[in-house]
Amino acid sequence: MLSERRLQVLRAIVQDYVGTEEPVGSKALTERHSLGVSPATVRNDMAALEDEGYIAQPHTSAGRIPTDKGYRLFVDKLAGVKPMTAPERRAIQNFLEGAVDLDDVVARTVRLLAQLTRQVAVVQYPSLTRSTVRHVELLSLAPARVMLVLITDTGRVEQRVVDCPAPFGEASLADLRARLNSRVANRRFADVPSLVEDLPEAFDHEDRGTVSTVLSTLLETLVEENEERLMIGGTANLTRFGHDFPLTIRPVLEALEEQVVLLKLLGEAQDPGVTVRIGHENAHEGLNSTSVVSVGYGSGGEAVAKLGVVGPTRMDYPGTMGAVRAVARYVGQILAES
């Protein structure tokens with residue numbers, strides 16, 4: 002266990018290095034921070050921190066910089082989440098409230114996160130595997146053609162045209178719509194198949210084929226839309242941090258192009274809290290020079306997806322964690338109200 006004084010020294014090194022981009026020396030630390038000890042004592046503390054792997058000395062400098070281990074301790078023990086100011090919160094709310102549909106919500110969220118943090122923003126679409134049905138609408142397009150519209154609790158709208166085996170009257174369509182919604186509204190997607198399997202038996206023999214066709218299309222829609230989708234933005238922000246990547250930025254950009262990698266980075270949506278993965282904690286080798294800050298979002302207090310940012314390990318962790326958490330909270334409110 003590090004002493005409280007050495008923890009203070011580590012905190013000061015992280016703060017100065019993130020702010021100045023320059024390796025930090027003992028003289029600068031004592032001048033900028035009220036550590037209450039002499040430069041010689043700070044030098045001894047820095048030597049101990051280096052021995053334990055929390056800071057390192059770049060070969061071109063007399064100063065020290067934090068290691069992945071040092072950043073991890075900073076995040077776990079030393080960094081509070083920086084709260085957003087009232088004007089910042091209002092700006093977030095106003096920007097996101099103008100969204101017209103789920104695609105617009107996700108696009109605005111990506112743009113907002115990239116602007117707030119000046120990092121790469123990644124937003125996962127709400128997973129239908131964790132969604133519930135809000136409403137199923139059935140519209141007659143022709144005597145034997147029906148439009149099926151599936152609306153979820155997270156604002157997703159899926160439309161399918163159903164070619165029926167026989168003409169289906171308006172009265173029968175209204176009956177099917179009412180019976181279907183009475184069974185599946187506000188129920189989880191995973192529960193829908195068992196809830197509707199005997200529904201055709203409630204209709205006259207000549208209508209059962211059409212009812213079965215409509216139900217098959219509904220179930221196919223649930224399966225088709227189970228694939229995870231995400232949106233990424235602000236990749237150009239990485240060019241501001243060229244010297245933060247030891248060899249080249251190329252492995253980072255290549256990793257960001259792989260959706261599977263990004264989904265693994267964000268982690269499981271069931272974990273709603275803020276998660277920070279630093280440097281080599283990221284399994285993908287191309288992202289070993291980055292940190293990922295992510296959090297779950299959703300309506301009703303349950304996370305249905307993740308959003309987050311990717312940037313260099315030399316990151317303003319308190320500010321980034323605060324921004325990611327605040328944006329997730331507002332996105333959740335919008336989904337709940339949509």
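Residues in the sequence shown are numbered from 2 upward in steps of one, following our numbering. Built from N, CA and C at the ideal position, the CB exists for glycine as well.
Secondary structure of SER39 (DSSP, three-state): coil. DSSP, reduced to helix, strand and coil, places LEU3 outside both helices and strands of the structure shown, so it counts as coil.
Each of GLU22, ILE14, ASN45 was checked against the Cα of GLU32, and the nearest Cα belongs to ILE14. Between the alpha carbons of VAL224 and LYS83 lies a gap of roughly 40 angstroms. In the structure shown, PRO168 falls within a coil segment according to DSSP collapsed to helix, strand and coil. Note that the C-beta distance between VAL25 and ARG65 is below 9 angstroms. VAL147 has its alpha-carbon roughly 12 angstroms from the corresponding atom of SER173. Each residue's CA atom was taken as its position, placing VAL277 and GLN16 some 17 angstroms apart.
Comparing alpha carbon positions, the residue from PHE204, PRO127, VAL163, ASP176 closest to ASP102 is PRO127.
Counting the other CB atoms within 10 Å of its CB gives LYS307 a total of 16 or more, which places it among the buried residues. Cβ neighbours of GLU207 within its own chain (closer than 8 angstroms, five residues either side excluded): ALA167. With at least 16 other beta carbons inside 10 angstroms of its own, ARG315 counts as buried. With respect to the C-alpha of LEU113, the residue from VAL293, PRO59, ALA92, GLN334 having the closest C-alpha is ALA92.
ARG109 counts as buried, since at least 16 other C-beta atoms from the protein chains shown sit within 10 angstroms of its C-beta.
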